[in-house]
Structures are given as C-alpha cells and as structure tokens.
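Taking my numbering, the leading residue of the sequence shown gets 46, the next gets one more, and so forth.
Note that beta-carbon positions come from the ideal geometry of N, C-alpha and C, so glycine has one too.
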Amino acid sequence: MISTLDPTLKDSPRQKVVRYISQAIDSGRLTAGSSIPAERRIAQGLKVSREAVRAALDDLSRTGIIGQAAQGRMRHVLRNPRAASVTAAPRIMANTVMLLGTGQVSDEHRDIGADIPIYFEIARLLERSGRHVMTVNPSALPTDGPSSLAALKFAGVLVTYAGGESQRGREVMLACAQNGVPIVAFGNAEVLSTYDRVESDHRHGAWQLVRLLAERGRGRILRLWRVQGAHHWLTQRDAGYDQAVGELGIPSLPPVRVPGIAANGQSARDEFEYTARVMAGYLGEHVLRPGGPDAIMCDTDGHAMQAIAALELLGKRPNVDIDVVGYDNYWSATPEAQWVKLAPLATVDKCPRRLADAMLTLLEARTKDDAPPSPQLRLIAPELVRSVDQDGQSKFAD
46 MISTLDPTLK DSPRQKVVRY ISQAIDSGRL TAGSSIPAER RIAQGLKVSR EAVRAALDDL
106 SRTGIIGQAA QGRMRHVLRN PRAASVTAAP RIMANTVMLL GTGQVSDEHR DIGADIPIYF
166 EIARLLERSG RHVMTVNPSA LPTDGPSSLA ALKFAGVLVT YAGGESQRGR EVMLACAQNG
226 VPIVAFGNAE VLSTYDRVES DHRHGAWQLV RLLAERGRGR ILRLWRVQGA HHWLTQRDAG
286 YDQAVGELGI PSLPPVRVPG IAANGQSARD EFEYTARVMA GYLGEHVLRP GGPDAIMCDT
346 DGHAMQAIAA LELLGKRPNV DIDVVGYDNY WSATPEAQWV KLAPLATVDK CPRRLADAML
406 TLLEARTKDD APPSPQLRLI APELVRSVDQ DGQSKFAD
C-alpha cells in the first residue's frame, strides 16, 4: 500500500512523486535493487496523473538514483544518495588532519608571536599535500568534545604550542591517541612526552646569541626573562647560555625576572611607557652599578623592544653601551616598533616553515608505520639573524 504525503506540502504533482520516492529510499523502504512500484499504483496512491508519475521517475533516472525504464520491465533503485554520503564520510575523515590550536589567528598578526606563524605554515603545507584541514580551538569545546572528535577517526592530529598547553587540548590528544589516531605536537613539555614532538632547538639558539655577543667583546651578559612560570623552552635557553659562557670563560650572571606586567604586543602608548618604566626599575640596580652588564638577552623580540626603551630611560645607549638581543625574529612587526626606533642587535628565527614541515613529515611517517614505535623528538636548528649590521647601523625600516 502506498501512503500519501503530508497534505500541507504545496508540491506540484510531479514534485510529490519525486519526494515520495526519495523518502521511501531514504527511510529504507526501498533499497538498492528494489523495484519501483508500478506507475498506476503510485498515481492512485498519490492522486496524481500517470504522466506526472512518469515525468518524476524520468527525473530520478537522470540523477542516477533509479534505473531507466526498459520495455516490459519495472524500474529499480540504483543507489541511496544519503547512504552514499554517509559511506563517503569515513573516507573524507581518513584524509583530514586536525590542527589543534587556539584558532585565534588573523593575517595582520601573522608575524607576531611563536605559535601563529607555525599555525599558518602547517595549514599551508597540509592543503598543498592534498589533505583536508579541520582547525579545532580546544577552549571552545564542550565537555564531550574530545570524545566526539576522537570518534571521527582523523588521519592525524597536529598540535600547536597553545593546543598542547591547554587542558582541554590535552584531553583531545589523549582521546584521539586512545582511538589509534597519530599525533605530533609542537613543543617538548613533559606532559607531551608520550607523543611525537617537533621542537625548535632553543639551547642552540641561546648559544648562538651568546657567541655573537662575545664576538663583539661583550663579557657580562644578563638574561632578562619576562615570562612567568616554568617553561621547558626557557630551561633550554638557560642551558644554551650556560654552555656558551662556560666555553668562553665569561661569568654567568643570574637572570633577572620581571613579573606582573603586560606581555609584548602593546598597542597603547601609555601602557608601553608604563612597562618600560617598570623594566627600568628592575634593570637599574644592575646596569647603573660599576661592572654592570654590557649585554641583555630577552626571551622574545617584543620584550627586547621594551628593554631598549628602559635602557634609554636609564641614560644608556642601546647597542652601544649595552647590546640588546631578542628572539623569534618579529621585532619589525611588533606594535612597540612605532615608539622604539632601534632594533635589537640580533634575534633568532625559529624557522616556522621547517618546523611545520618536520611535523607533517613525522605525521606521515607515523601514519605509514615508518617511524620507530617509541615517541620521537625532532629538534630543528634555528637561524641567527643580525638586526644591526657590522658597522652598528640598525636595519630598522623607517
């Protein structure tokens, strides 16, 4: 018996037949290979003409959902479009890589900070490789988000620094790993030790900066650390510093930590000037005393720009009396650059493209079972970048 459609639908007779057959296929009443009811039965059941039924069936035949009419034979269902799309979903996810990060990126901030350039490079390389990319912001996930994502069976998960630092992000990583999904994280924190990791060689980067400063005759190099808490990368910077000063036979000065003030990226002048004054207060007791430091290492370029302003407040000439070096190679893009018309003497480029490429290469190796069974760590060597030339002239762009 053929059931009628909802009488409130305002379809034409032809559309009623198309809708009826489509609903029968979607619901499973008609499956692939099933015979389509005779035109007469459909016409009587839906109270439409046989001409409308024939036209509707011809429409469905042209889409490949049912077969063409043959002499003396009934039409048959060829496929269920909805079932086909459900069947295709696992194939699509098997070629999709999750990019787990904050999601807080934009073109205008592409050059600022440690994580964002890597985020962009990962997405670019994945698209070039023919993979689909699904970006996930862990901070926006509901409680059941990690398990729901793990059930999708991604081809793999690439995790930015912010993604690995997030508690919800680590929950996503654990759920995916338990479901057999390969994971590669950026960073080398202890909580990531059970996963494959790619990290910039911070120890070597700090070592390079100290050696450069020593070549310029600097022998009292002060570390100015603005970040709060324990960070694996800062521990490695300290190790590189200690290695270099030990090799050179120059004194190791304890780091100066400046807590409780805003991070880099200050676009308000009064906020920037306040930060510079606070930093001057912390630096004053060191740089104004006899035998004080002749160079300052900062943890990132934005902090180096603040240190330059602080030295000027103290009557010191940056990169003349006291050299200042940064890290991350984005000094020219910092908001502070509009008020500080000097560049750090040098910085370190972590080479985001190389880092992203190493992450994708390691993921592909793990996917193809070409990587050792134990979690792998790939250290990528950074590059020393001189922001001031050999004659002491700043490369700052006016």
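Query                                                                                                                                                                                              : Result
For residue 250, which residues in the same chain have their Cβ closer than 8 Å to its Cβ, ignoring the five residues on either side in sequence?                                                  : 282, 285, 372, 393, 395, 427 and 429
Considering only the beta carbon of each residue, do residue 142 and residue 181 sit closer than 8 Å?                                                                                              : no
Please go through the same chain and pick out, in chain order, the residues whose beta-carbon is closer than 8 Å to the beta-carbon of residue 160, but skip the five residues on each side of it. : 146, 147, 205, 206, 207 and 231
Restricting to runs no shorter than 4 residues, where is the alpha helix (DSSP H) found entirely within the region 146-226?                                                                        : 161-173, 190-195, 206-210 and 212-223
What does DSSP give as the partner residues of residue 270 in its beta bridges?                                                                                                                    : 302
In three-state DSSP terms, what is residue 431?                                                                                                                                                    : strand
So, with DSSP's three-state summary, where would you put residue 283?                                                                                                                              : helix
Between the Cα of residue 364 and those of 387, 290, 199 and 348, spot the shortest distance and give me the residue it belongs to.                                                                : 387
Measuring CB atoms only, is the region 58-70 touching the region 81-93, in the sense that at least three cross pairs come out at less than 8 Å?                                                    : yes
Taking a contact to mean a Cβ-Cβ separation below 8 Å, would you say residue 328 touches residue 298 in this structure?                                                                            : no
Can you tell me whether residue 404 is buried or exposed? The criterion is at least 16 other CB atoms within 10 Å of its CB, across all chains shown.                                              : buried
To the nearest angstrom, how far is it from the Cα of residue 100 to the Cα of residue 113?                                                                                                        : 12 Å
With a CB to CB cut of under 6 Å and the five nearest residues on each side skipped, what residues in its chain are close to residue 247?                                                          : 278, 281 and 282
Taking the CB atoms as reference points, tell me whether residue 111 and residue 120 lie closer together than 8 Å.                                                                                 : yes
List the endpoints of the continuous beta strand (DSSP E) containing residue 414.                                                                                                                  : That residue, residue 414, is in no beta strand (DSSP E); it is neither H nor E in DSSP.
Let me check one thing: in DSSP terms, what residues is residue 404 bridge-paired to?                                                                                                              : For residue 404, which the question treats as bridged, DSSP gives no partner whatsoever.
Would you report the Cα separation of residue 354 and residue 336, rounded to the nearest angstrom?                                                                                                : 21 Å
Would you call residue 238 buried or exposed, if buried means 16 or more other Cβ atoms sit within 10 Å of its Cβ?                                                                                 : exposed
Taking 8 Å as the threshold (C-beta atoms), are residue 178 and residue 171 in contact?                                                                                                            : yes
In terms of residue numbering, what span does the alpha helix (DSSP H) encompassing residue 255 cover?                                                                                             : 247-260
Measuring alpha carbon to alpha carbon, tell me which residue in 229, 378 and 361 is nearest residue 420.                                                                                          : 229
Since residue 122 and residue 87 are thought to touch, with beta carbons under 8 Å apart, how far apart are those beta carbons, to the nearest angstrom?                                           : Their Cβ separation, rounded to whole angstroms, is 14 Å, which puts residue 122 and residue 87 out of contact at 8 Å.
Closest to residue 320 by C-alpha separation, out of 347, 331 and 102, would be which residue?                                                                                                     : 347
Report the CB separation of residue 227 from residue 412 in whole angstroms; it is logged as a contact under 8 Å.                                                                                  : 6 Å
Where do the ends of the alpha helix (DSSP H) carrying residue 321 lie?                                                                                                                            : 314-332
Are there 16 or more other CB atoms within 10 angstroms of the CB of residue 432, so buried, or fewer, so exposed?                                                                                 : buried
List the whole-angstrom C-beta distance separating residue 236 from residue 215, where the pair is believed to meet the contact cut-off of C-beta under 8 Å.                                       : 6 Å
How many Å lie between residue 150 and residue 380 at the Cα?                                                                                                                                      : For residue 150, the pLDDT reaches just 46, beneath the cut-off of 50, and the residue's location in the model is therefore unreliable, leaving the point undetermined.
In whole angstroms, what is the alpha-carbon distance linking residue 422 and residue 244?                                                                                                         : 7 Å
What residues match up with residue 389 in a beta bridge as DSSP calls it?                                                                                                                         : DSSP output for residue 389 lists no bridge partner at all.
For the candidate residues 292, 188 and 183, whose alpha-carbon lies nearest to that of residue 521?                                                                                               : Absent from the structure is residue 521, since the part of the chain shown begins at 46 and ends at 443.
Which partner residues does residue 343 have in the DSSP bridge list?                                                                                                                              : 269
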